[in-house]
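Residue numbers for the sequence shown follow my numbering, beginning at 6 and rising by one.
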Amino acid sequence: MLSLKYLIVSLADAYSMVLFVYVILSWFPTDRGILADVNRVLAKVCDPYLNLFRKLIPPIGGMVDVTPIIALLVLQFGVRLLVNLF
Numbered sequence: 006m007l008s009l010k011y012l013i014v015s016l017a018d019a020y021s022m023v024l025f026v027y028v029i030l031s032w033f034p035t036d037r038g039i040l041a042d043v044n045r046v047l048a049k050v051c052d053p054y055l056n057l058f059r060k061l062i063p064p065i066g067g068m069v070d071v072t073p074i075i076a077l078l079v080l081q082f083g084v085r086l087l088v089n090l091f
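Okay, structure coming up:
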């Protein structure tokens with residue numbers, strides 16, 4: 006059971022890192038080249054999860070998107086709460 010908990014936490018941590026890289030990559034122009042390809046792959050992995058929060062939380066001032074911060078917090082706290090319950 007302990008190894009299953011460790012696996013779940015490790016997967017959540019890995020997904021958090023993917024989300025973090027996706028957010029950082031969004032600050033740079035990625036029109037073409039390898040960054041564009043990486044951005045496209047990360048968008049397919051991250052956007053479904055982030056869109057859940059984008060429906061609920063509008064951008065601040067029309068430009069600042071805080072949904073990745075909320076999504077990371079929910080993911081980290083949710084997984085740790087789930088693991089500690091079982």
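Ideal Cβ positions, reconstructed from N, Cα and C, are used throughout, including at glycine.
Bear in mind the structure is a predicted one, so any value in this text is a computation, not a measurement.
Spatial neighbours of V71 in its own chain (CB-CB distance under 8 Å, excluding positions within 5 residues in sequence) are listed in chain order as I62, P64, I65. The three-state reading of DSSP puts V28 in helix, counting H, G and I together. Non-local C-beta neighbours of P34 in its own chain, meaning closer than 6 Å and more than five positions away in sequence, are absent. For Y27, the closest C-alpha among the options L16, G38, D42 is that of D42. Contact check for V14 against V79 fails: the beta carbons are separated by 8 Å or more.
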